[in-house]
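Position one of the sequence shown corresponds to residue -7 (the numbering used here), numbered consecutively onward.
By construction, the Cβ of each residue, glycine as well, lies at the ideal position given by its N, Cα and C atoms.
Report on one structure; see the data block that follows.
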Amino acid sequence: MLKNNANLVPGDRYVQAMKWVVYALAALYFVNCFTPLRIHYDMLRYFSIKDCIETVCPPTADPHDYLPYGYTMLLLGLSKLGILRSFSIVFINGLYLLGGLYFVRKVFTCLHAPSFLFVLVLLNWTIIKFFTHPLSELQYLFFSLASVYTFYAYTQNKKIGQLLMAFGFAALAFLTRTVGIALVAALCLGLLWEYNEQLIGLIRRNKILVAVIAACLLGILFFSKQLGLNHYTGVMSKQFSGGVHFSEMLGWHFREWGEIFLNISVAKAIGPLPAPMIIGLLIAAGIFMLAWFVFICFIKKNRIPFIVKAYLFCYMLLMFNWPFSDPRFWVPVIPLIAAVIAQTTYNGNKWIKRPLILLFTVYAAFGILSVGYMTYTSLSKKVFAKTQAAGVYRNEYETHFFGRPLSDTATHIDPFVMSVLERYDKR
């Protein structure tokens, strides 16, 4: 089974087999590039903003939408090139994911079997799901992990260019999702940790760099309205004033951790057992897994770079104070969470290893089901129309695919959704 004093990965005789699992998963991911355009509420908001910039705002568009423009710029660029299609979007998501995994691998050079890290990431149901969606998660994942890697590279050889690149990628991440403010905070903590007493000397030697960074921070504050920061703080205040309690919010995020580590969404888990029981089990699992993760990442002796710890801490702190619930919020840091788990040693403690082997078996089984189901829906238009977004856009999809809704209860067709499908769901 697991070797003493080895990372939490199968023995060496399984490493080659695991590489083939990675190749098989990569092939399935590529097949999913041929999915129809997956409509999502936030995806429609991105396309509305793109239309407002490129041509004219749709009648349903919110002129005050607070989504950052980073991902919209990608959609706009693809549109100008005439290749804004589902295949192009998902293929680019694949490149983002591949690049993000490359950066994580370069940071975690101590991994015994990198293929185990790749399997953990590629089998996670949130990665599988949002890989196929026109949403900003994987673009943010790429820019944020590029920032972490270039900062880590800077700590190794002290090349100022790499530090500038780290903050540059952080800026792109922030323009993609405002949660990137956690990354900026982590980079600042990284500099403080790296230099301690030498910080004053660094400032004196690199006055231009310090001035540039200070100007960027002031620019963010000055243009906070245009960047959407004011909207986000307003939305948070509205949520809390609307009756969201801190204990309820914690329950949401503990449940999200349970969904991520057991590798199943609450919607799929609810079935034979009552919903309150399922939610309670997921919350309990989330609390246990979060405590375990905090121990192996922040307390147990390890070789995890400080910038990774700082970023995970800042990101988790922000997310556990975010008054909205969605496992999708954790997608950008799943590769780092997986890397922390993959590099951890347990010194031959069978009482820890055996439960973790069981957990990985459950995790892998649900992951295989997830990627198989996603591929099935990508290749079957009838099933896709019924299942995408829980069937909310079934009438529009069936009209687009087959010329009319196949459901006898069809009563409404959203003209903007139909317009998006007709323009961009082309092969």
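query: Three or more C-beta pairs under 8 Å: does that hold for the region 313 to 327 against the region 128 to 141?; result: yes
query: Would a C-beta distance cut-off of 8 Å place Phe298 and Gly172 closer than the cut-off?; result: no
query: Ignoring anything shorter than 4 residues, give me the alpha helix (DSSP H) runs that lie fully in the region 110 to 186, in order along the chain.; result: 117 to 123, 129 to 149 and 152 to 168
query: What are the partner residues of Thr379, as DSSP defines its beta bridges?; result: According to DSSP, Thr379 bridges with nothing at all.
query: So, helix, strand or coil for Thr64, using DSSP?; result: helix
query: Here's a check: name, in chain order, each residue in its chain whose Cβ is nearer than 6 Å to the Cβ of Phe100, leaving out the five neighbours to either side.; result: Ala331 and Gln335
query: I'd like to know whether the C-beta atoms of Leu463 and Leu109 end up nearer to each other than 8 Å.; result: The requested residue 463 does not occur in the structure, where the chain is confined to residues -7 to 419.
query: Note down the Cα distance separating Ile262 from Ile279, rounded to an integer number of angstroms.; result: 19 Å
query: Got a sec: is the Cβ-Cβ distance from Pro268 to anything in chain B below 8 Å?; result: Among the chains of the structure shown, chain B does not appear; only one protein chain is present.
query: Which word fits Pro430, buried or exposed, when buried means at least 16 other C-beta atoms lie within 10 angstroms of its C-beta?; result: A question about residue 430 goes unanswered here, because the residues of the chain that appear run from -7 up to 419.
query: Should Lys301 be labelled buried (16 or more other beta-carbon atoms within 10 Å of its own) or exposed?; result: buried
query: For the candidate residues Val7, Leu20, Pro28 and Gln8, whose alpha-carbon lies nearest to that of Ser372?; result: Pro28
query: Below 8 Å on the Cβ atoms is my guess for Ala165 versus Leu175; work out the distance and round it to an integer in Å.; result: 6 Å
query: Enumerate in chain order the residues of its own chain whose CB-to-CB distance from Met(-7) is below 6 Å, with the five nearest sequence positions on each side excluded.; result: In this predicted model, Met(-7) has a pLDDT of only 38, less than 50, meaning its place in the structure is not dependable enough to derive any value.
query: Taking 8 Å as the threshold (C-beta atoms), are Ala162 and Ser139 in contact?; result: yes
query: Where does the unbroken alpha helix (DSSP H) through Trp244 begin, and where does it stop?; result: Phe238 to Leu254
query: Answer with buried or exposed for Glu414, where buried requires no fewer than 16 other C-beta atoms within 10 angstroms of its C-beta.; result: exposed
query: Quick check on the burial criterion: 16 or more other C-beta atoms within 10 angstroms. Buried or exposed for Trp117?; result: buried
query: Leaving out the 5 sequence neighbours to the left and right, which residues in its chain are closer than 6 Å to Met410 when beta-carbon positions are compared?; result: Glu388
query: Classify Tyr187: buried if its beta carbon has 16 or more other beta carbons within 10 angstroms, exposed otherwise.; result: exposed
query: Looking only at its chain, what residues have a beta carbon closer than 8 Å to the beta carbon of Asp417, apart from the 5 residues adjacent to it on each side?; result: Pro28, Leu29, Arg77, Ser78 and His392
query: What residue ranges within the region 65 to 110 form continuous alpha helix (DSSP H) runs of no fewer than 4 residues, ordered along the chain?; result: 78 to 99
query: What is the DSSP secondary structure of Thr353, reduced to helix, strand or coil?; result: helix
query: Should the region 82 to 96 be regarded as contacting the region 35 to 55, the criterion being three or more beta carbon pairs within less than 8 Å?; result: no
query: In this structure, how does DSSP classify Ala53 when only helix, strand and coil are distinguished?; result: coil
query: My output table needs one value for Lys418: the three-state DSSP class, helix, strand or coil.; result: coil
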